[in-house]
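This report concerns only the one structure given below.
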Amino acid sequence: MASSKDAKATKDAKPKDPKRDKSARKRRKSAEVIDKSSRYDFSYTQNREISWLRFDDRVLEEAYDETVPLFERLNFAAIFQSNLDEFFMIRVGGLSDLATLKRQPVDNKSNLTPSEQIELIFSSLPPLIKRQNDIVEKIESELQGYGVYRIGADELTGDERTFVEGYFQSYVSPVISPFVIDPRHPFPNLRNGALYIVCALESEEEENLIGLIEVPASMNRVVAMPSETGTFRFILLEDVILACLPSCFGAYAPAGRAAVRVTRNADIDPDGEGVEEDEDYRQHMKKILKKRLRLQPVALQVQGSLEAATLKSIRKSLGLPARSVLSYATPLDLGYIYSVENHLPYHRADLLFPPFKPQTSSMFDMSRPMREQVIEGDKLLFYPYESMSPLLDLMHQAAFDDSCISIKITLYRVAKQSRLCESLIDAAENGKEVTVLMELRARFDEQNNIEWAERLEEAGCTVIYGSEGFKCHSKICQITYREGMALTRITLLGTGNFNEKTARLYSDFMLMTAHPGIGEDANAFFRNLALGNLSGDYRYLGVAPAGLKPLIMNGLNREIDRARAGEPARVFFKMNSLTDREVIDKIAEASQAGVEVEMIIRGISCLLPGIAGKTENVHIRSIVGRFLEHARVYSFGIDNDIVYLSSADMMTRNTEHRVEIAYPVLDATCREMVQSYMHAQLEDNVKARELSNTGTWEKIERSDDAMPFNSQEYLLKHAYARAAAAAEQKHKEEKQAEPQVAESQEDYEAAKAVLAAAARAVAQQKREAAAVAAADARVAPSDGAGTGAGAAGIDGTQAAAAPATAPASTAEANGARIDPAIDHVAERSSAAEQAAQEAEAVSDRDATSQSVGAASEPPAAATEPSSGAEPKAAPAAPSATTQEAQATSVKATVIDPEDDHGEQAKASSSARFAATTTLAKRKPGRFRAGLALIGIGLKTLFVGTPEERGK
263 MASSKDAKAT
273 KDAKPKDPKR
283 DKSARKRRKS
293 AEVIDKSSRY
303 DFSYTQNREI
313 SWLRFDDRVL
323 EEAYDETVPL
333 FERLNFAAIF
343 QSNLDEFFMI
353 RVGGLSDLAT
363 LKRQPVDNKS
373 NLTPSEQIEL
383 IFSSLPPLIK
393 RQNDIVEKIE
403 SELQGYGVYR
413 IGADELTGDE
423 RTFVEGYFQS
433 YVSPVISPFV
443 IDPRHPFPNL
453 RNGALYIVCA
463 LESEEEENLI
473 GLIEVPASMN
483 RVVAMPSETG
493 TFRFILLEDV
503 ILACLPSCFG
513 AYAPAGRAAV
523 RVTRNADIDP
533 DGEGVEEDED
543 YRQHMKKILK
553 KRLRLQPVAL
563 QVQGSLEAAT
573 LKSIRKSLGL
583 PARSVLSYAT
593 PLDLGYIYSV
603 ENHLPYHRAD
613 LLFPPFKPQT
623 SSMFDMSRPM
633 REQVIEGDKL
643 LFYPYESMSP
653 LLDLMHQAAF
663 DDSCISIKIT
673 LYRVAKQSRL
683 CESLIDAAEN
693 GKEVTVLMEL
703 RARFDEQNNI
713 EWAERLEEAG
723 CTVIYGSEGF
733 KCHSKICQIT
743 YREGMALTRI
753 TLLGTGNFNE
763 KTARLYSDFM
773 LMTAHPGIGE
783 DANAFFRNLA
793 LGNLSGDYRY
803 LGVAPAGLKP
813 LIMNGLNREI
823 DRARAGEPAR
833 VFFKMNSLTD
843 REVIDKIAEA
853 SQAGVEVEMI
863 IRGISCLLPG
873 IAGKTENVHI
883 RSIVGRFLEH
893 ARVYSFGIDN
903 DIVYLSSADM
913 MTRNTEHRVE
923 IAYPVLDATC
933 REMVQSYMHA
943 QLEDNVKARE
953 LSNTGTWEKI
963 ERSDDAMPFN
973 SQEYLLKHAY
983 ARAAAAAEQK
993 HKEEKQAEPQ
1003 VAESQEDYEA
1013 AKAVLAAAAR
1023 AVAQQKREAA
1033 AVAAADARVA
1043 PSDGAGTGAG
1053 AAGIDGTQAA
1063 AAPATAPAST
1073 AEANGARIDP
1083 AIDHVAERSS
1093 AAEQAAQEAE
1103 AVSDRDATSQ
1113 SVGAASEPPA
1123 AATEPSSGAE
1133 PKAAPAAPSA
1143 TTQEAQATSV
1153 KATVIDPEDD
1163 HGEQAKASSS
1173 ARFAATTTLA
1183 KRKPGRFRAG
1193 LALIGIGLKT
1203 LFVGTPEERG
1213 K
């Protein structure tokens, strides 16, 4: 509460001069901007939008690369243009909205306002568009040498003109609706991305008329023309209309003509529009998509010649400044080339990349159930070099597996024809509990996701949507199985989408694991999503928006501490974009501490490497090639002892405004695979570029004796080689198994003969013992302790020393104290004879029990888990010795993402998991079974039964 003195001073204050007050506000505003900018060091950062334009120019560079097949170069030009269209709709559209604010925010990487960034963008565009026009014209000219001709409207002559006019009258004219813009007919709405033909119309009675025709999107844009054998001549639909334009407007005569396309702002926030309380979220998204078509224009593309007055009239009708008009000499939408690819003549091999087929991962045997193989140990798929089939087969098999009780999955971008979604539908129809978190806000895939959400819901799946304000961009699936009272969880975690189409084009990892700790975290993740809880606590997973960035920062801090302590320190990051200011500053801090920072960043990098005293230990590369680099890898340590894969880039939108997951690679084999893949990419000197300290991408300098190395081509050949080696190994095993049947039969007969001889020896010993007992009525037991070695098999393996129902102790396996009491010899002989007879009976039935398989293994493996079915009868409680033996099974080294020495229960669980998933045993053959039976009989003869040893 103000004092009376303050109140009096306020009351007596003189009115301020408005001009002076306005000036003071300006000074305060300027001071605020300076204060804000002083928070950051801009010496090692660059503007995000300029970095993105340089990345798109790098894509266009592939169109200039003459080592790339000719038609593929045209593909890269089309990708460049498609990227630029999306850039206008999202980035320029968003900046345009911010530029309308009275107090514009300042970019924390470049200290520029939105208005200043837009000016910078449009000043950078003309050189890029000219480069695109030049290379497209050059490639089209070279394609004519291969019999591929695109005919323009001005190039038609003779029979071709007659054909085009006939096609227009028969097919196009009935569809189009010419429109005249005059004072009585105002300028219509031009749909986002649609093609239009415009022209000035001359009339004796009226002036300033404009003719407008929308190019029908429902018709094929590529019109094939009569061509000779071995050639393909075509004309685009817009050129058909341009060629026949005089017949479209009756008495009006066209003057000047061009194809135009409007790009509108598509950066609309579905959550910001407000969802009615009783409105279905899918219906809300449908309305948002319709609204996107009519948002504010941000650019006008023009191909052709229009009178200046006509162009100005169109521009003003759209509310665009002159800088937003972009002129093209080539088609405005290069998407038509994907239709032309299907009509290429005989020289396809010279024009396209060699066809490839994603190979089956060598970690999988496709003839076995996928579930068993994942439970045996972690599996890692690497798209597109390896096929997505193991994952799809796992989902399909789970849908029809009676022990599968639930499937939970997040879907961000789904293929239009999705085998995975069909498996989810099958699972729901088969009574499984299927929960799908479908992200309807996946930009430009909203309609497809809406349609799949409706289909999944109709099939009985529980479909939920992401939390308000936070897109769910994570890629995770969990399949839960129940056998009796036990639950088994298989968790699938990816750096890319569950999308069959992109799995053939994008470079991504997919981890398939039955690790119980990761399974528990995944189960908690889905539970938290259903409850709208975005701040869950996880032991293994780093989940944004709360836990992912701290995980990365902690890893960087660990390496900083090591470097400051004089120890070797290194981090390796692979991502699509780096824009998060906090992460950028932490990387700079790591560089200054002496940490070696290696990064592969495909797209945007707001961090500049090589700045003296700031980022001289930072090295950034980018790889643009046949496949889209999409995987995210975060590795810490000079030996990469901690490796995380993730769905998230280090962008503020990912780390703070989305639901993302980073997951550890705990399996040593999978971790080694990731390291080898990344090492190959760091060695690339063909498609890789290095980021300079000025923000430009420079070619990797090669020494004179260095061989060209294309990492993507290497990984492709490596995948083929691994698949071929796995197939050859399997073929050898099958071939070796064929003659083994006959050899095993011979060994089996020999084993039976040995058993018979052993039975006769037992009977002889029995008769001799009876004679001794009759001669000497009372014989005292020897007080000397004899030792005997455990019986060994013919092949040199140690015979097991335990009955089938309980494993023998180590002492018993290596030999036990032999009681020489003669009054027990007869009983032992009888037991041995009975065991031999039982063994012969079992052998005659040509069957080997699982217990025999366990007995036939060496003692060191006696405690390893068996891959066979569990016995129906519940085993007796194990002794302390048995528990200790079971706890010493082979385990993979597990690197926990957090120090958690106190949680003994979870550690014990992890140990049990390693014991049950790391190793799998093959069933023993008949020969080994026979040898095991011999061992049982002989040991029973010399050592006695377990009951006797207990006494």
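Using this note's numbering, read the sequence shown as starting at 263 and increasing by one per residue.
Cβ atoms here follow ideal geometry from the backbone N, Cα and C, with glycine treated the same way.
- The beta carbon of proline 488 is closer than 8 angstroms to those of Asp421, Glu422, Phe425 and Arg495 in its chain, skipping five residues each way along the sequence.
- Fewer than three beta-carbon pairs drawn from the segment 305-320 and the segment 580-591 are found closer than 8 angstroms, and the two stretches are therefore not classed as touching.
- Between alanine 415 and the set Arg789, Leu499, Val905 and Glu762, the nearest pair of CA atoms involves Leu499.
- Per DSSP, the continuous beta strand (DSSP E) segment holding threonine 724 begins and ends at 724-726.
- Arginine 920 places its beta carbon less than 8 angstroms from that of proline 807.
- Around the CB of histidine 941, fewer than 16 other CB atoms lie within 10 Å, so the residue is classed as exposed.
- Ranked by Cα distance from leucine 463, the options Pro450, Glu476, Phe441 and Val477 are led by Phe441.
- At a cut-off of 4 residues, the continuous stretches assigned as alpha helix (DSSP H) that sit fully inside the segment 733-804 are 778-793.
- Taking C-beta atoms as the reference points, serine 884 and valine 560 fail to come closer than 8 angstroms.
- Annotation for arginine 826: Ala855 place their beta carbon closer than 6 angstroms to its own, counting only its chain and skipping 5 residues before and after.
- Taking a cut-off of 8 angstroms for Cβ pairs, the segment 779-789 and the segment 813-832 do not touch, as fewer than three such pairs fall below it.
- Around the CB of phenylalanine 644, 16 or more other CB atoms lie within 10 Å, so the residue is classed as buried.
- Runs of the alpha helix (DSSP H) spanning 4 or more residues and lying entirely within the segment 900-951 occur at 914-919 and 930-944, in chain order.
- Here histidine 735 is buried, its C-beta having at least 16 other C-beta atoms within 10 Å.
- A straight-line Cα-Cα distance of about 36 angstroms links valine 880 and aspartate 707.
- With respect to phenylalanine 338, glutamate 348 sits apart: the two C-beta atoms are not nearer than 8 angstroms.
- In chain order, Gly409, Pro607 and Tyr608 place their CB closer than 8 angstroms to the CB of glycine 492, counting only its own chain and leaving out the 5 sequence neighbours on each side.
- For the segment 632-658, the full-length alpha helix (DSSP H) segments reaching 4 residues or more read 632-638 along the chain.
- Between the segment 563-576 and the segment 376-386, the count of C-beta pairs closer than 8 angstroms stays below three; the two stretches do not touch.
- Excluding the 5 residues flanking it on each side, serine 853 has same chain C-beta neighbours closer than 6 angstroms at Val859, Thr877, Asn879 and Val880, in chain order.
- Spatial neighbours of serine 867 in its own chain (CB-CB distance under 7 angstroms, excluding positions within 5 residues in sequence) are listed in chain order as Ser313, Leu840, Ile882 and Leu953.
- Going by beta carbons, valine 805 and alanine 831 fall outside the 8 angstroms limit.
- For lysine 836, the enclosing beta strand (DSSP E) stretches over residues 832-837.
- Segment contact: the segment 963-976 against the segment 929-949, three or more CB-CB distances shorter than 8 angstroms; contact assigned.
- Straight through space, the alpha carbons of arginine 519 and alanine 985 are spaced by roughly 57 angstroms.
- If only complete runs of 3 or more residues are kept, the segment 391-428 shows the beta strand (DSSP E) at 410-412, in order along the chain.
- Distance from the Cα of threonine 525 is smallest, within the candidate group Ala924, Arg888, Met912 and Ser344, for Ser344.
- Taking one beta carbon from each stretch, the segment 899-908 and the segment 923-937 have 3 or more pairs nearer than 8 angstroms; the two touch.
- In the DSSP assignment, arginine 523 falls outside any alpha helix (DSSP H) and within the unbroken beta strand (DSSP E) covering 515-526.
- The residues Gly817, Arg820, Glu821, Val833 and Ile904, in chain order, have a CB closer than 7 angstroms to that of phenylalanine 898 in the same chain once the five nearest residues on each side in sequence are set aside.
- Its chain contains Asp783, Ala786, Phe787 and Gly809 as the residues whose beta carbon lies nearer than 8 angstroms to that of tyrosine 800, once the 5 sequence neighbours on both sides are disregarded; these appear in chain order.
- In the three-state reduction of the DSSP assignment, serine 435 falls in the coil class.
- In the DSSP assignment, leucine 869 forms a beta bridge with Thr307.
- Counting along the chain, glycine 473 sits inside the beta strand (DSSP E) bounded by residues 471-476.
- Contact annotation: lysine 737 and tyrosine 647 have beta-carbon atoms that are not nearer than 8 angstroms.
- Within 10 angstroms of the beta-carbon of lysine 578 lie fewer than 16 other beta-carbons, which makes it exposed.
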